[in-house]
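Visitor: Residue numbering for the sequence shown follows this note's numbering, starting at 16 and increasing by one per position.
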Amino acid sequence: MSPEDHGNAVNPELARDPALLRKLLDISGQLVVVLDGEGRIELFNKACEQLTGYAAEDIVGEPVWTRLIPEPELAGTRGTAARLQDGHDEVEHTNHWLTRAGERRLIHWRNTVLKEADGSVRCIIATGIDITLQQQAVDAQRHTETQLRHLLDALPVLIAHLDRDYRVRFINDGYRAWFDLDPKTQHGRHVRDLIGPEAFRTLRPSFDRALSGRKATHHGEVPYARKGARFIHGTYIPSRDKAGQVDGLYILAVDLTEEHRLRWKLAEELKRSQTIVDNAIDGIVTIDASGTVRGFNPAAERIFGFSRDEVMGQNVRMLMPEPDRSRHDSYIRRYLESGQETIIGVGREVIGRHKDGSPIELRLAVAEVSEREQLFIGFTRDIRARKRAEREAREHFAELAHLTRLSTLGEVSSGLAHELSQPLTAIAAAVEAGLMMLDTEPPKPSSLRPALDQISRQGQRAREIIEQLRAYLRKGEPDSMAPCNPARLVDNVLTLLNYEIEAHGVSVETRLDSGLRSLVVNRIQIEQVLFNLAKNAIDAMRETSGKRLLAIEGRIRSGECEFLVTDTGPGIAESDLPKLFSPFFTTKADGLGQGLSICRSIVERHGGELTGGNREGGGARFRFTLPLRPEGDD
16 MSPEDHGNAV
26 NPELARDPAL
36 LRKLLDISGQ
46 LVVVLDGEGR
56 IELFNKACEQ
66 LTGYAAEDIV
76 GEPVWTRLIP
86 EPELAGTRGT
96 AARLQDGHDE
106 VEHTNHWLTR
116 AGERRLIHWR
126 NTVLKEADGS
136 VRCIIATGID
146 ITLQQQAVDA
156 QRHTETQLRH
166 LLDALPVLIA
176 HLDRDYRVRF
186 INDGYRAWFD
196 LDPKTQHGRH
206 VRDLIGPEAF
216 RTLRPSFDRA
226 LSGRKATHHG
236 EVPYARKGAR
246 FIHGTYIPSR
256 DKAGQVDGLY
266 ILAVDLTEEH
276 RLRWKLAEEL
286 KRSQTIVDNA
296 IDGIVTIDAS
306 GTVRGFNPAA
316 ERIFGFSRDE
326 VMGQNVRMLM
336 PEPDRSRHDS
346 YIRRYLESGQ
356 ETIIGVGREV
366 IGRHKDGSPI
376 ELRLAVAEVS
386 EREQLFIGFT
396 RDIRARKRAE
406 REAREHFAEL
416 AHLTRLSTLG
426 EVSSGLAHEL
436 SQPLTAIAAA
446 VEAGLMMLDT
456 EPPKPSSLRP
466 ALDQISRQGQ
476 RAREIIEQLR
486 AYLRKGEPDS
496 MAPCNPARLV
506 DNVLTLLNYE
516 IEAHGVSVET
526 RLDSGLRSLV
536 VNRIQIEQVL
546 FNLAKNAIDA
556 MRETSGKRLL
566 AIEGRIRSGE
576 CEFLVTDTGP
586 GIAESDLPKL
596 FSPFFTTKAD
606 GLGQGLSICR
616 SIVERHGGEL
626 TGGNREGGGA
636 RFRFTLPLRP
646 EGDD
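(1) May I have the straight-line CA-CA distance separating Lys562 from Thr583, to the nearest angstrom?
(2) Check for me: the alpha helix (DSSP H) holding Thr583 runs from which residue to which?
(3) Taking just the CA atoms, how far does Ala62 sit from Ser43?
(4) What are the start and end residues of the beta strand (DSSP E) that includes Glu517?
(5) Exposed or buried, which one is Ala70 when buried takes at least 16 other CB atoms within 10 Å?
(6) With burial defined as no fewer than 16 other Cβ atoms inside 10 Å of the residue's Cβ, what is the status of Pro171: buried or exposed?
(7) When DSSP labels each residue in this structure, what does Leu509 get in the three-state scheme?
(8) In this structure, does DSSP put Phe185 in helix, strand or coil?
(9) If contact is defined by three or more beta carbon pairs under 8 Å, each pair taking one atom from either stretch, is the stretch 364 to 375 in contact with the stretch 256 to 273?
(10) Is Thr307 near the ligand SAM, judged by its Cβ being under 7 Å from some heavy atom?
(11) May I have the straight-line CA-CA distance separating Asp256 from Asp188, to the nearest angstrom?
(12) Under 8 Å between the Cβ atoms of Thr395 and Val300?
(13) Spell out the partners DSSP gives Gly393 in its beta bridges.
(14) What did DSSP end up calling Glu650 once you bin it into helix, strand or coil?
(15) Just checking, does the stretch 43 to 52 make contact with the stretch 139 to 155 on the three C-beta pairs under 8 Å criterion?
(16) Identify whether Phe215 lies in helix, strand or coil by the three-state DSSP scheme.
(17) From Arg378 to Asn312, what does the alpha carbon distance come to, in whole angstroms?
(18) Find out if the Cβ-Cβ distance for the pair Phe596, Arg572 is shorter than 8 Å.
(19) Buried or exposed: where does Ala315 fall if 16 or more other Cβ atoms within 10 Å of its Cβ makes it buried?
(20) Given Leu40, which residues of its chain have a CB within under 6 Å of its CB, disregarding the five upstream and five downstream residues?
(21) Please give the ranges of any alpha helix (DSSP H) in the stretch 246 to 334, keeping only runs that are unbroken, at least 4 residues long and fully inside the region.
(22) For Ser322, which residues in the same chain have their Cβ closer than 8 Å to its Cβ, ignoring the five residues on either side in sequence?
(23) Under a Cβ-count criterion, where at least 16 other Cβ atoms within 10 Å of its own Cβ denotes burial, should His234 be classed as buried or exposed?
(24) Under three-state DSSP, which class holds Arg125?
(25) Quick one, which of Asp178, Leu565, Ser495 has its alpha-carbon nearest Leu509's?
(26) Based on the DSSP secondary-structure assignment, which residues constitute the bridge partners of Val544?
(27) Helix, strand or coil: which one does DSSP assign to Glu631?
(28) Touching or not, the stretch 179 to 197 and the stretch 275 to 289, by the rule of three or more beta carbon pairs under 8 Å?
(29) Ile613 bridges to which residues according to DSSP?
(30) Is there contact here, the stretch 539 to 549 with the stretch 616 to 634, by at least three beta-carbon pairs under 8 Å?
(31) What number of angstroms, rounded off, separates the C-alpha of Arg644 from the C-alpha of Glu575?
(32) How big is the Cα-Cα spacing for Arg532 and Gln162?
(33) Looking at the secondary structure, which residues open and close the beta strand (DSSP E) in which Thr232 lies?
(34) Could you spell out where the beta strand (DSSP E) holding Thr92 opens and where it closes?
(35) Report the option in Ile291, Gly320, Gly328 whose CA atom is closest to the CA atom of Gly306.
(36) So, helix, strand or coil for Asn500, using DSSP?
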């Protein structure tokens, strides 16, 4: 019900029967309040009780503004009451009511004054409807419209809305500023008056296509009256009314004049630079939008093995192996349709195809040039020699690392010999005891079990030492990565260094986080790092008179694994700290000076870092980190 319909005068017959009138008012869905001449409440119907939470008996007799009217609206409400008391009839107004719970509800009132025979005011009947939700919806719609307007004004695009007669219904700030228009005088003007007759003739086919219900685009020069010839990209979209009928069109345009000028300049420079292109060391292949080769310089001839005449006019896919050979046309088509740049201006490594069918490792960068037609220029460089050099460097590094392992293992060879001699000596003693048991009369086979058990245990111990030694000395693949148990890595290193540890009275502490269960690394290389750091720590403590403690700690920090190797030796001389990781630098008389340098290279190839220094309280401290890769991520 509209506010105009909800306040009818009370029937005189009903007025003579108050009980019946009260019942009718209570079943009414409208708010009904009866006030006396002083503004006191005489009647407060059920709808009012339900809305406010106040019972009629609690509020009847009070002025209406005592509880129900918010402080800021008291003056206005009293003014309305005063006008009604002066005899003004049918006064409409809107104000808020406060509910018992403190909620504010917006009410639209229509007031009727009942008068006595002498013309004095008998009472005021106010009927109202709660329009809180309606007002909230209106406010929300206004807010949305304001936000949308702000968004459209902030976009770096020229936006306009025309009706079917090409008259302006809306332009955003970008459009207004670009054409230097007065914001107050453009609504309703023909767009021809804004952009000029020549521009209107140029763009009208796109306008008419949109008015026919189809999206249209214009990409090219437009002769504007105020701006002159500008290169724009415009999109024209039909707008529709509530019935779905086209009632106008939206214009979204971007000024690409500067970009177009730069592209044209690039094309001119390419023409002037043809001599440079022909003598470039990089292969330069130019194709059009269909993938047809339009340019093929001498360097490209050398790289691919085809002559220029063999390639010109052919599809560029002939220079590609599968699967790119079959897919390349769809790559170009998708780019032309969407305009989404995936490889334009981005260098990447690809595989090409030589005339003899062999693969070619290439570095490729693609540039786009648009003058009278759309062209793509590919700059290719044969990187087979570089790749070969990288492989040789990796192999050389692996050989150098292997040599370093041999060198460091040679330093502890006497200790390893001692480690092996212990189980072998125990085996020999067990065999001798077994032979003596066999010489007894009569021999008792059951008495041989302890000796045989001893032989088995010690043989297994010797086998483990030999297997760990063989694994440490194995060359392995330079880039071989596999999941490894960090605790096992530490145990393997300590096994190889066991004799050195015992011979020099070194105590060992290992602490590994419980969550550190697996690392994806080159096991041999990381064992080499731990071995070198631990061996250096033991060597540093040989002359230490106090407690000799080697501590190896593994923990998870900031998404990576961190290993700490510390000792209680004399520490590192301050003058040696800057040279710690330099090749051929060593403080040992018989050292190669490659250990720490190789260790740092290994850690960095794994994506981590290795640092060294002194710890508080004395001794050296080395720290290296390794990324926590998921298993299967090489």
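Cβ atoms here follow ideal geometry from the backbone N, Cα and C, with glycine treated the same way.
As the structure is a prediction and not an experimental result, all values here were calculated from the model.
Guide: Reading it off the structure:
(1) 7 Å
(2) It is not in any alpha helix (DSSP H) - Thr583 carries neither H nor E in the DSSP assignment.
(3) 7 Å
(4) First-last for Glu517: 513 to 518, but that is the alpha helix (DSSP H), not the beta strand (DSSP E).
(5) exposed
(6) exposed
(7) helix
(8) strand
(9) no
(10) No copy of the ligand SAM occurs in the structure displayed, which carries no ligand at all.
(11) 24 Å
(12) yes
(13) Val300, Val381
(14) Shown here, the chain extends from 16 to 649; a query on residue 650 therefore has no answer.
(15) yes
(16) helix
(17) 16 Å
(18) no
(19) buried
(20) Val47, Asn60
(21) 272 to 287, 289 to 293, 313 to 319, 323 to 326
(22) Glu316
(23) exposed
(24) strand
(25) Leu565
(26) Paired residues: none, contrary to the question.
(27) coil
(28) no
(29) Per DSSP, none; premise fails for Ile613.
(30) yes
(31) 9 Å
(32) 53 Å
(33) 231 to 239
(34) Counting along the chain, Thr92 falls outside any beta strand (DSSP E), though it belongs to the alpha helix (DSSP H) covering 89 to 100.
(35) Gly328
(36) coil
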